[in-house]
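Participant: Have a look at this one.
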Amino acid sequence: MNKISDIKSKSVILKLSLICFSFLFLQIKLTAQSGEEIFNTNCTACHFATADRLVGPGLLGVTEKRAQEWFVKWVKDSQKMVAEGDKDAVALFEEYQIPMQSFEGVLTDAEIIAVYDYLANPEAKPTSEATDEVAAASSTDDALITQGQKVFKANCSACHSIGANKVVGPGLQGINDKRSEEWLLKWIKNSPELIASGDADANAIFNEYNKMPMPPQAVSDEEIRAVLAYIKTPPGQKEVAAEKTDAQGTDVPKDDNSTVMLILLVVVIVFAAILLVLLNKSRVSIAKAVAEKTGDTYNGPITLAEACKHLISNNKGIVAVIVIILFFAGLVDLMDGAMQIGVHQGYKPEQPIKFSHQIHAGLDKIDCNYCHSSARHSKTSGIPSLNVCMNCHLYIKGEGKTFTYNGEEYPMAEEIQKIYTYLDFDPNTGKYGDNQTPVKWIKVHNLPDHAFFSHQQHVTVGKQQCQTCHGPVQEMDVVEQFSPLTMGWCIQCHKETSVATQGNGYYDDLHSRMPEEFKNKIMQDGKITVNEIGGMECAKCHY
Amino acid sequence: MANSKKYWKGLEQLNNDPKFLASSRNEFPEELPVDQFLGDKETLENSSTSRRDFLKYLGFGVAAASLAACESPVTKAIPYINKPEEITPGKANYYASTYYDGNDFAPILVKTREGRPIHVIGNKESKLTKGAINSRIAASVLSLYDNNRLKNPLKNGKATDWKTVDAEITKAIAEGKNIKLLTSSLFSDSTKQAFSKVAGEKVYDIQGNFKGVKIDTNFVEYDEISYSGMLDANETTFNKRAIPTYNFEKAKTIISVGADFMGNWLDTTMYLNDYAQTRKPDNDWMSKHFQFEANMSLSGTNADVRVPVKPSEYGVIVANIYKQLGGSVDAPAANANLESKIAAAVKALKDAKGSSIVICGSNNKNIQLIVNGINQLLGNYGNTINIINHSNTKAGNDTKVNALVEEMSKGEVDVLFVYGVDPARSIGDKFISALSKVKTSVSFATKENETSKLCTYVCPDNHALESWNDYNPVDGYFTLQQPTISPLFNTRQAQESCLKWSSDYKNISYYDFIKETWKNIIFPDNEIYTLDLNFNEHWNKALHDGEICFEIPHAEVLERTTSFVNVTGISSIKIDGAGVDGDFELELTQNASVGAGAGADNPWLQETPDPITKVTWDNYVTMHPSEMKERGYNTQLGQESPANLISVTVNGKTIDSIPVVAQPGQAKGTIGIALGYGKVVGNMAEPTGKNAYPLVENKDGVVSYYVGATIVDVAGTYPIAATQTHQTVMGRDSVVRETTLATYKKGNKEAYNPEHKLATHENGQTVKKNIKEFDLWKAHPVENIGHRWGMSIDMNACIGCSTCITSCNSENNVPVVGKDEVRRGREMHWMRIDRYYSTDADIEDKSIAGYRKMEDPADNPQVVHQPMMCQHCNHAGCETVCPVAATTHSNEGLNMMAYNRCIGTRYCANNCAYKVRRFNWFNYMAYDKFTEINPSQDDLGRMVLNPDVVVRARGVMEKCSMCVQRIQAGKLDAKKAGTKVQDGAIQTACSASCPTNAITFGDLNDTTSKINGDMNHNRAYRVIEEVGQQPNVYYLTKVRNEPQENIS
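Chains as they are written, first to last, in the numbering used here: chain X, 324 to 866; chain L, 19 to 1066.
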């Protein structure tokens, strides 16, 4: 069964991830990087600086084709441009069908321009700063490996892994033993030339990979040597472990305030109880002493319970008032409780794949509509089918990476592997098997059958943000029901929200027929709310 | 008042039967079914459960239920693994396809949701039918999800696999010398080609080498409803064994002798829309329609002049018309009454030479020859009747069928394939005994039928919605059928099976085969390649449109047709006007919803009331009421007055215990029985109705539906499930408005559609004021503000076919309630078609003839069909009485129903002036009483439900919502496109399916819309407008084109 997790722990994780996120953000902001470096860290997952296509188009000559201004706009939010109907943008989108992720907030204008300048002349020597860095790094082995890792990630990882598994090209484990360094240098810098020269090994590989040439890489011999060193001795487990301790180091203390307060409260209560018993004892002994002095015998209450009884019997009025107050308070509480029946705000079931919206929608800034594409043109927002996942995860395998899900750390590759298992996909051969099974996700937002809700009405026509109802999904690693989804909640919004009539011919037509007095009546408060055009009528949602 | 006619719904009302009067005051004629919930009194008294225990259980029940409600079930959401490009969950796709079941044909549009077909309407773009369908086609989507379909191939009645079947049949074909195919009319080139691969006649050269196969020489085409006599006559006249196409659009005079061309005669879907175009009184001319017939048919109810005659008189009428037009024929004299009607008909024909149509429903070759002669004398060929672009839908040949049965009984047939027909049922014993002599018999039935039970192998065919096919219903016009769902069961299309069994086409799919046929035969034959397009472009366009039409210039048609027709030898025909043996002349007919039998096992169709008798779930004998009284039969309908049972014997064959129903307008001395019944519906134990096919006579090698019958009373009675007597209009006189064309053309609106005036007292004087000036309710602004959805129904175009009812059931998930519940008046249909009979009984005709007519108004009543559904009153009576505000008014003019709010007081139904609200008595989706008949009780049957409409729970009121789900969807589309809602873009299920476009839906506030024009039309009125409820449904006064002089 599903566990509905505690809402509080979620908020802690939220805060935590926010902090982590802002750190990342700051780091990016603080370090000034050259265009090439920015390109390598942000763009190479999908683009080559050459004319070859990877996920997106090769960027050779992009500066001649597009203006700088256009380029900046595109990189920041390509979808917006497509939506605005920019001709080039639309053409590009139609050609590739995959929207480019938005870099708004990730890269500044200046950084994008740096990338643009770099792309204008990618063959140019790296800036002196960078060369210095390389030179300095290569002074020691460790530094060489680190540099190799960097170069590998920037240039090679799109197609190769350092293990034995095949990505686009072959896995590179043991490449140092198989081929001479000289051969490798030639191959990496210009493989077609090597093939053309009739080299037997080169031709063998070329044929093995269905004559798909490896694009010539614009790297120096130094860098290739660094990469080779890295492949030979990858940082491996040590580093992952280090990263883990790092992550724990930055973790905020686990025990939160509420537990402390709880303990404090218990202590206070126990203390008060003890005090009460002691006080009662001294009261009784004082009373006894007073009675002795006056010669009477003390026959008042002795134990604490007797004292309470005595107190109650002497103050019946107050007790009655308290009872009445308690009764009504209980009634109100019961009613509140009853109103919550069937309301699953905060419902947060565990899904078959630990899919983190925080990573996809938050960090990667993938537009919600990219996966939930039918939200724009259907009643349902649609749960993406696995082929949508594969658009990216054909390349992104998350090896060696971890992520946080419901407060715990999980290896990324394992979850991505689940997609492959469902699809019966072999990442090494890149082939799909026949034993494909669908993912049985657990539905988080359940509207009753008799309520008709249309996403397209709200998203496309009403121009509502997904977050209005679904909350800050981009911050949730486990998605939960943010809004109560009760009828009262719907109606509240329909009462307040003004209709997006601007520039919509449908509303213009309706308004043009409307008599003035009626128009004035509606426009008294300066806006047309959904309610005013019949958005609260039964048959708008129930039929 | 618009006219002084008296309207009555049933004989009970006409005769002011006291029982009827009492029951008509009850909205719900039945007592509450308390016993069914609590058990009878005895069990209740014997029960040990005390009141105290009951309360305990109740308390526990409530607590348990509320506790269970707190734990909500986990709902799974399972996306596609690989989403097909064209499917978006939540959005419907439409595919153009074709429906053909051996009897009905129509180009259709199939609505699918997430890959499930859920609704079928006519293809409005079709050049042939203009979107006309009938209720059988609309309901065909339900039979796709029939759990009783054959799910595996059968060998000797036992399930087996395709491999075994394929191997054995291939062997039988190879060994068999005489291979025959008995099929429904085949007008699909690809099907013929595919079948010829196994059943074609093998041709050898002199040396004995195999040369190939001849197409269709071994095919025996067989129509269960035979038109063989007509085809034979046409072969003589046109030298072509074909049915012509009739262009009703140009027909100013239509004479039909016993042919129900709106219900069941030939290609009704091709005629309906055209016919309706000629019935518009605002056009330059309006057609005149004469109908001579024995049974009251759908066409008869719409005729301007209907003459009840015996079937034996059909020949007399036809011969007399021919004679009076100047033809030479030996015509027996007609009786005096008939004589005058014939004269009127002939006059009308002479007035419209070259633009008239004369048709006859007889299957007698001689009679049809005379009809051809008449049409030739009138110069109709080439004008209204086209024999060049003839219809191919009926090609059955009774002589050939008889020859085949003969051949079979001699044991000469080695392999027999049966496709699309059920001859064991329709031919009967003769066929059954002959079939036993056939070595290997193969049936392609989709559902077990009487023939398939007797066949060696059953290779179940796919349902039409799972199949590829092409059709050539009319020369020069082709349609395509495409699957809208993968086969649900282990079935295979018959054509595909044949390809599998052939030697050369084993590995070719039928889809590729069709494409090959089109590429190599159809396109080259029709010279399509002269256009500069390649095959794929043509193919894709045809597939998208569902049809492709190669038209031939009209002038050429005329010229070629006239030279074609050769009517000789009529003068030698001897028409026998004498009646037949027996007590009555029986005309075997077909019901509008069940047809020849295709709809007999479909619960939606069984529950659709017959358009005229309003009887559901049964066939019956129709008889004239006065003759029933003579014989002492009960002439009333309903649970409380059950029908008498009789047995009908024809030529020694008897159907036993069939109820008799009174049919005003039935020709005296005749009775009628509908064919097609007697099949098992759903999981019912007993078949529904009686199979009347054994009564069909085989006269001179041709099937005849007019026979002499002897009837005998049978003990016992049978309660008929009829809907008509329920929900009367309480004698209000503003329900139906009707006038004659002459009155209408005079242009005085007061004469035919007067406004309602109410007398009021003002300043000491009586003033008559328009009804619009009175109002009980506070003004609710409706004009010019937002939308105001409304409907108009042209009573001149409505023919009462009931397609809208079936379509509404399909769209709105209306439950099937079964025979027993209909008897109690608990049918759930959201719309009904009220059928009113009218007479001139209280007309101010003081002549003797006028008085005589008053004696028996049921002799030949006129009929009005009036679709009735929620009128969406702006000042609705139902809304003000609802104690929980479950039914309220929207600012778009809709009367809304919130089921979750409804507590089932039924006040609204009591206060509704139109009696259109339905109370949901049972949990039809689960209650075991409905398991047998309600298709939604199994998982498969539920797949037909429309996901956009909620399935109502027990205890709520429901009614027509004017397809609010479609309105909302249409508005949303307009908002997304940023334009106004285009007129006609939103259609309700009924308006979309109406074959004659009688129903118009739209925005009354949109001044450019068609409905706005209808609202302000001179003929427009609202039903019971005088009570001031201001409905949003407008009816257009019916105008009859009655002859000027009194011809009766």
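All residues carry an ideal CB built from backbone N, CA and C; glycine is no exception.
Computed from a predicted structure; not experimentally measured.
#1: Where does L/F78 fall in DSSP's three states?
#2: To which residues of the same chain is L/Y437 closer than 6 Å at the C-beta, ignoring the five residues directly before and after it?
#3: So, under 8 Å CB-CB, L/Q608 and L/V699 are touching, yes? Tell me the CB distance rounded to an integer number of Å.
#4: Name the one or two DSSP bridge partners that L/C819 has.
#5: Classify L/A114 as helix, strand or coil using the three-state DSSP reduction.
#6: X/N827 and L/K993 - do their beta-carbons sit closer together than 8 Å?
#7: Could you check whether X/F426 and X/I365 sit closer than 8 Å to each other, using their CB atoms as the reference points?
#8: Note down, in chain order, every chain X residue with its Cβ under 8 Å from the Cβ of L/G808.
#9: Please return the same chain residues whose Cβ sits closer than 7 Å to the Cβ of L/P505, not counting the five positions on each side in sequence.
#10: At a CB-CB cut-off below 7 Å, which residues of chain X make contact with L/T130?
#11: Decide if X/K616 is buried, meaning its Cβ has at least 16 other Cβ atoms within 10 Å, or exposed.
#12: To which residues does DSSP link L/I691 through a beta bridge?
#13: For X/D569, count the other beta carbons within 10 Å of its own beta carbon; 16 or more makes it buried, fewer makes it exposed. Which is it?
#14: Mark L/S315 as exposed unless 16 or more other C-beta atoms lie within 10 angstroms of its C-beta, in which case mark it buried.
#15: Does the separation of the CB atoms of L/L127 and L/N141 fall below 8 Å?
#16: Classify L/S828 as helix, strand or coil using the three-state DSSP reduction.
#17: Label L/D369 either buried or exposed according to how many other C-beta atoms from any shown protein chain fall within 10 Å of its C-beta, with 16 as the threshold for buried.
#18: In terms of residues, what are the limits of the beta strand (DSSP E) holding L/M914?
#19: Determine, using beta-carbon pairs with one atom in the segment 401-419 of chain L and one in the segment 593-606 of chain L, whether at least three such pairs fall under 8 Å.
#20: Quick one: grab the DSSP three-state call for L/L498.
#21: Who are the Cβ neighbours of L/D322 in its own chain at under 8 Å, not counting the five residues just before and after it?
#22: Anything in chain X within Cβ reach of L/G988, meaning under 7 Å, just list it in chain order.
#23: Among residues of its own chain, excluding the 5 on either side of L/N353, which ones have a beta-carbon nearer than 6 Å to its beta-carbon?
#24: Specify, as a first and last residue, the run of the alpha helix (DSSP H) that L/D207 falls within.
#25: On the CB-based measure, 16 or more other CB atoms within 10 Å of its CB, does L/K654 come out buried or exposed?
#26: Whose C-alpha, out of L/S470, L/V899, L/E466, L/K465, is nearest the C-alpha of L/L453?
#27: Which whole-angstrom value is the C-beta distance of L/V238 and L/V419, which I expect to be below 8 Å?
#28: For L/T411, count the other beta carbons within 10 Å of its own beta carbon; 16 or more makes it buried, fewer makes it exposed. Which is it?
#29: Buried or exposed: which applies to X/I645, given that a residue is buried once 16 or more other Cβ atoms fall within 10 Å of its Cβ?
#30: L/L498: buried (16+ other C-beta within 10 angstroms of its C-beta) or exposed?
#31: Mind listing the chain L neighbours of X/Q470? Cutoff is C-beta to C-beta under 8 Å, in chain order.
#32: Mind checking if L/M887 is an interface residue toward chain X, Cβ cutoff 8 Å exclusive?
#33: Using CA coordinates, which residue listed in L/G446, L/T458, L/Y489, L/I673 is at the minimum distance from L/E468?
#34: Beta carbons nearer than 7 Å to chain X: which residues of the segment 900-922 of chain L have them?
#35: Does any C-beta atom of chain L lie closer than 8 Å to the C-beta of X/L833?
#36: Leaving out five residues on either side along the sequence, give the residues of the same chain with a beta carbon under 6 Å from the beta carbon of X/C861.
Facilitator: In short, the structure shows the following:
#1: Helix, per DSSP.
#2: Take L/Y437, set aside five residues on each side of it, and the residues of its chain with a beta-carbon closer than 6 Å to its own are T201, F462, A512, in chain order.
#3: Actually they are not in contact, since the Cβ atoms of L/Q608 and L/V699 sit about 17 Å apart, beyond 8 Å.
#4: For L/C819, which the question treats as bridged, DSSP gives no partner whatsoever.
#5: The answer is strand: DSSP assigns L/A114 an E or B state.
#6: Result yes, Cβ atoms of L/K993 and X/N827 sit closer than 8 Å.
#7: The sequence shown places Asn at residue 365 of chain X, not Ile. Taking 8 Å as the Cβ cut-off, X/N365 and X/F426 qualify as a contacting pair.
#8: Residues of chain X with a Cβ closer than 8 Å to the Cβ of L/G808 do not exist; the shortest Cβ-Cβ separation is about 15 Å.
#9: N480, E484
#10: The contacting residues do not exist; L/T130 stays about 14 Å from chain X at best.
#11: That one is exposed.
#12: Looking at the DSSP output, L/I691 shares a beta bridge with L/L606, L/V639.
#13: Since pLDDT at X/D569 reaches only 42, below the 50 mark, its modelled position is unreliable, and the value read off the structure follows with that caveat. Label assigned to X/D569: exposed.
#14: Counting the other Cβ atoms within 10 Å of the Cβ of L/S315 gives 16 or more, which makes it buried.
#15: Cβ atoms of L/L127 and L/N141: closer than 8 Å.
#16: helix
#17: exposed
#18: 913-915
#19: no
#20: Note: L/L498 maps to strand in three-state DSSP.
#21: K306, H307, F308, R1058, N1059, E1060, P1061
#22: Result: empty, since nearest Cβ-Cβ is about 11 Å, beyond 7 Å.
#23: No residues qualify anywhere along the chain.
#24: 207-217
#25: Contrary to the premise, residue 654 of chain L reads as Gln rather than Lys in this sequence. Looking at its Cβ environment, which holds 16 or more other Cβ atoms inside 10 Å, L/Q654 is buried.
#26: L/S470
#27: 6 Å
#28: buried
#29: The residue in question, X/I645, is exposed, as its Cβ has fewer than 16 Cβ neighbours within 10 Å.
#30: By the neighbour-count rule (16 or more Cβ atoms within 10 Å), L/L498 is buried.
#31: Under the 8 Å cutoff, chain L gives no residues; its nearest Cβ is about 42 Å from X/Q470.
#32: no
#33: L/G446
#34: Residues of the segment 900-922 of chain L that bring their beta carbon within less than 7 Å of a beta carbon in chain X comprise T906, S908, N909, E910, L912, M914, A916, Y917, N918, in sequence order.
#35: yes
#36: none
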